[in-house]
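First the structure, in the form of structure tokens, and then the observations on it.
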Amino acid sequence: MTDSPPPTTAGKSPPSLLYLVKRLELLVRSRLEELVRPAGITALQYTALTVLERHDGLSAAQLARDSFVTAQSMADMVRALETRGLVRRERNPSNRRELLILLTAAGRALLDDLAGPVGELEERMIRDLTSRQVGQFRTTLADTWRALS
Numbered sequence: 066m067t068d069s070p071p072p073t074t075a076g077k078s079p080p081s082l083l084y085l086v087k088r089l090e091l092l093v094r095s096r097l098e099e100l101v102r103p104a105g106i107t108a109l110q111y112t113a114l115t116v117l118e119r120h121d122g123l124s125a126a127q128l129a130r131d132s133f134v135t136a137q138s139m140a141d142m143v144r145a146l147e148t149r150g151l152v153r154r155e156r157n158p159s160n161r162r163e164l165l166i167l168l169t170a171a172g173r174a175l176l177d178d179l180a181g182p183v184g185e186l187e188e189r190m191i192r193d194l195t196s197r198q199v200g201q202f203r204t205t206l207a208d209t210w211r212a213l214s
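Structure below.
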């Protein structure tokens, strides 16, 4: 793969970076939906479970922020995941008014089952990149996120 911009047609300028990022995000989400649907969850639920896998015991508000959904959507999502036995809620010992959301053994098992197919999707996405380009891509995504945060 080269570092050249996407091809243009008839002298038109290339698509904006915002457009290209959104196009990639929608395609990744669509492919992820296809992978997780047989497990009975959505891509957004999968994202929330992976957030808990990395940072277990979050408040609903923090989980919503880290999962890119609204607090109301997260409340509905947590209820659905709890009904499936994939997460549980318990009182925060430091703040008895706050409930923490934790991944259950069933939630961890589901993520383990999906790790292979999701890893293959990511590998497919970057297969034409060198390891150096993958590192640069990861750094660039993090840097651009920080610039807008």
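The working numbering numbers the first residue of the sequence shown as 66 and each following residue consecutively.
For each residue, glycine too, the CB sits at the ideal point set by N, CA and C.
Integer Cβ distance of residue i from residue j, believed to fall under 8 Å
i, j, result
"residue 142", "residue 110", "6 Å"
"residue 164", "residue 173", "20 Å between Cβ atoms; not a contact."
"residue 152", "residue 169", "6 Å"
"residue 128", "residue 145", "Wrong, their Cβ atoms sit about 13 Å apart, outside the cutoff."
"residue 186", "residue 100", "6 Å"
"residue 171", "residue 150", "5 Å"
Three-state secondary structure assigned by DSSP to residue i
i, result
"residue 78", "coil"
"residue 151", "coil"
"residue 124", "strand"
For residue i, the first and last residue of its enclosing beta strand (DSSP E)
i, result
"residue 194", "Neither: residue 194 is in no beta strand (DSSP E) and is coded neither H nor E."
"residue 162", "160-168"
Span separating the alpha-carbon of residue i from that of residue j
i, j, result
"residue 104", "residue 212", "36 Å"
"residue 84", "residue 200", "22 Å"
"residue 177", "residue 188", "17 Å"
"residue 166", "residue 202", "32 Å"
"residue 131", "residue 137", "14 Å"
"residue 82", "residue 107", "27 Å"
"residue 214", "residue 192", "29 Å"
"residue 117", "residue 78", "42 Å"
"residue 161", "residue 205", "40 Å"
"residue 90", "residue 98", "12 Å"
First through last residue of the alpha helix (DSSP H) which encompasses residue i
i, result
"residue 112", "108-119"
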